[in-house]
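Numbering of the sequence shown is given in full-length UniProt numbering, commencing with residue 1 and proceeding in unit increments. Ideal placement from N, C-alpha and C gives every residue a C-beta, glycine not left out. I have placed the structure first, in the form of structure tokens, so that the comments after it can refer back to it.
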Amino acid sequence: MSDLPKFSEPTRVVLDDIDRQIIALLHENARIPNVDLAREVGVSPSTCLARVRSLRERGVITRYTAEINPAALGFTLQALVSVRIRPGARHLMEQISAELRREPEVAQLFFLGGSEDFLIHVRVRDSEHVRQFVLKNLSANPAVALTETNLVFEHHTAESAGLRAVL
1 MSDLPKFSEP TRVVLDDIDR QIIALLHENA RIPNVDLARE VGVSPSTCLA RVRSLRERGV
61 ITRYTAEINP AALGFTLQAL VSVRIRPGAR HLMEQISAEL RREPEVAQLF FLGGSEDFLI
121 HVRVRDSEHV RQFVLKNLSA NPAVALTETN LVFEHHTAES AGLRAVL
């Protein structure tokens, strides 16, 4: 039996052109009123609402969120921290992941295939803050074999955020 974390493979959902248009518009502005969304895709408001509900029920839309500027909150530095777990501690990966995701500095956490096990995107006040994060949460953990921290000078999100290929 593998000691690596288990991930469920989502079932691919069949989408038509209206679904794709709804997804694209909601991705651009999650707060668009249903009446405006319906007008944009050319359906009645009740049909549009039913479509959005169906997309949520099928797991296509998982949440609505606001994009926050971390620098406006004092988090002026971002870093990507690569983590390698000791071979004998791989059974702890899910626990380590859960603990890290609870840390307020963690913006994203990725399980990786390759030489590293995790990539952690952190938002911090300054270089001392990222240093303290690594020392407290990673270096002090006996399951962690290696960390490598890279500072992010600029961060850009693609307009489509990767959706263009599937829509």
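Candidates I61, T62, T76: closest to I68 by CA position
Working through the sequence shown from its first residue, we reach residue 68 at position 68. Comparing Cα positions, the closest option is T76.
Is the beta carbon of S115 within less than 7 angstroms of some heavy atom of the ligand FMN?
As presented, the structure is devoid of all ligands, the ligand FMN included, so that no description of it is given.
So, with DSSP's three-state summary, where would you put R90?
Mapped onto the sequence shown, residue 90 falls at position 90. DSSP places R90 in helix when its eight states are reduced to three.
Residue range of the unbroken beta strand (DSSP E) whose run includes V122
For the purposes of this step, residue 122 is taken as the residue at position 122 of the sequence shown. Run containing V122: 118 to 124, per the beta strand (DSSP E) assignment.
E40 versus L92 - alpha carbon distance:
On the sequence shown, residue 40 is found 40 positions in, with the first residue counted as 1. On the sequence shown, residue 92 is found 92 positions in, with the first residue counted as 1. In a straight line, the C-alpha of E40 is about 48 angstroms away from that of L92.
Going by the CB atoms, is the gap between H121 and A107 shorter than 8 angstroms?
Residue numbering aside, residue 107 sits at position 107 when the sequence shown is read from its first letter. Residue numbering aside, residue 121 sits at position 121 when the sequence shown is read from its first letter. The answer is yes: Cβ separation under 8 angstroms.
Three-pair Cβ contact test at 8 angstroms for the region 137 to 150 versus the region 76 to 86
yes
Just to confirm, are L80 and N150 a CB contact at a threshold of 8 angstroms?
Within the sequence shown, residue 80 is the residue found at index 80, counting from 1. Within the sequence shown, residue 150 is the residue found at index 150, counting from 1. Their beta carbons are under 8 angstroms apart, which means L80 touches N150 by this criterion.
T11: which of G59, V43, R123 sits nearest, CA to CA?
Numbered from its first residue, the sequence shown carries residue 11 at position 11. Comparing Cα positions, the closest option is G59.
Here's a check: name, in chain order, each residue in its chain whose Cβ is nearer than 7 angstroms to the Cβ of A89, leaving out the five neighbours to either side.
Along the sequence shown, one-based indexing puts residue 89 at 89. Around A89: A143.
My output table needs one value for T62: the three-state DSSP class, helix, strand or coil.
Taking the first residue of the sequence shown as position 1, residue 62 is located at position 62. In the structure shown, T62 sits in coil (DSSP, three-state: anything other than H, G, I, E or B).
Would you mind stating whether L109 and R101 have Cβ atoms separated by less than 8 angstroms?
One-based indexing of the sequence shown puts residue 109 at position 109. One-based indexing of the sequence shown puts residue 101 at position 101. Their beta carbons are under 8 angstroms apart, which means L109 touches R101 by this criterion.
Alpha carbon to alpha carbon, how far is Q21 from N137?
Residue numbering aside, residue 21 sits at position 21 when the sequence shown is read from its first letter. Residue numbering aside, residue 137 sits at position 137 when the sequence shown is read from its first letter. Answer to the nearest angstrom: the Cα atoms are 42 angstroms apart.
Give the range of the alpha helix (DSSP H) segment to which L25 is assigned.
For the purposes of this step, residue 25 is identified with residue 25 of the sequence shown, where counting begins at 1. Here the alpha helix (DSSP H) through L25 covers 17 to 28.
Rounding to the nearest angstrom, what Cα-Cα distance links F133 and E105 in this structure?
Taking the sequence shown and counting its residues from 1, one reaches residue 133 at position 133. Taking the sequence shown and counting its residues from 1, one reaches residue 105 at position 105. Straight-line Cα distance between these residues: approximately 8 angstroms.
Between which residues of its own chain and V14 is the CB-CB distance below 7 angstroms, once the five residues before and five after are set aside?
Along the sequence shown, read from residue 1 onward, the residue named residue 14 stands at position 14. None.
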